[in-house]
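Engineer: The sequence shown begins at -15 in our numbering and counts up by one. Shown below is the structure under consideration.
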Amino acid sequence: MIEQPACAEPSDGSLIASGEGWRFAGALTFDNAAQVFASSRALALPANGSVDFSAIARADSAALAVMIALKRRATTQGSPLSIQGVPASLRSLAVVYGVENLID
């Protein structure tokens, strides 16, 4: 499988379109979340409906905003979207904010 970076950010974050799915890696924070999300808008949603966050090394609530925005985009387009590999720290943050149901 050939990986093609869809975007690479100066803050060590990237969205990788790999095969039929997407994978976020590195940092996804306030520093780069808007740029990463804007870059994702240029791509069709992943064919397999899967977005993997297990390679996120550093994240804050901006990562949750990206996840929720991706889910909203998929819903608007009538496409299923599964968020995979959410790190425990982000899942805990989602619980604190009361949005865990939006990323499941």
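Every residue, glycine too, gets a C-beta built ideally from N, C-alpha and C.
Would you mind stating whether residue 44 and residue 6 have Cβ atoms separated by less than 8 Å?
Structural biologist: For this step, residue 44 is matched to residue 60 along the sequence shown. For this step, residue 6 is matched to residue 22 along the sequence shown. Contact: no.
Engineer: Which of the three DSSP states, helix, strand or coil, is assigned to residue 83?
Structural biologist: Looking up residue 83 in the sequence shown gives position 99. Looking at residue 83 - three-state DSSP - the assignment turns out to be coil, as it is neither helix nor strand.
Engineer: In the DSSP assignment, find the alpha helix (DSSP H) that holds residue 65 and state where it starts and stops.
Structural biologist: The sequence position of residue 65 within the sequence shown is 81, counting from 1. Unbroken run through residue 65: none, as it is neither H nor E.
Engineer: Pull up the DSSP beta-bridge partners for residue -4, would you.
Structural biologist: Taking the first residue of the sequence shown as 1, we reach residue -4 at position 12. Its beta-bridge partners do not exist; DSSP assigns none.
Engineer: Look up residue 91 in the DSSP assignment and give the residues it is bridged to.
Structural biologist: Past the boundaries of the shown model lies residue 91; the chain is included only from -15 to 88, so the question cannot be answered.
Engineer: Could you give the residue range of the beta strand (DSSP E) that holds residue 36?
Structural biologist: What you label residue 36 is simply residue 52 of the sequence shown in a count that begins at 1. Residue 36 -> beta strand (DSSP E) spans 34 to 43.
Engineer: Candidates 76, 34, -1 and 42: which alpha carbon is nearest residue 63's?
Structural biologist: The residue you call residue 63 lines up with position 79 of the sequence shown. Among 76, 34, -1 and 42, the Cα nearest to that of residue 63 is on 34.
Engineer: Who pairs with residue 8 in a beta bridge, going by DSSP?
Structural biologist: In the sequence shown, counting from the first residue as 1, residue 8 sits at position 24. In the DSSP output, where bridge partners are listed per residue, residue 8 has -1.
Engineer: Do you know offhand how far residue 88's Cα is from residue 16's?
Structural biologist: Working through the sequence shown from its first residue, we reach residue 88 at position 104. Working through the sequence shown from its first residue, we reach residue 16 at position 32. Their Cα atoms are separated by approximately 23 Å.
Engineer: Using only alpha-carbon positions, find the residue among 10, 2, 53 and 22 that is nearest to residue 32.
Structural biologist: Along the sequence shown, one-based indexing puts residue 32 at 48. If we check each option's Cα against that of residue 32, 2 comes out closest.
Engineer: Determine the DSSP secondary structure at residue 15, reduced to helix, strand or coil.
Structural biologist: On the sequence shown, residue 15 is found 31 positions in, with the first residue counted as 1. Coil.
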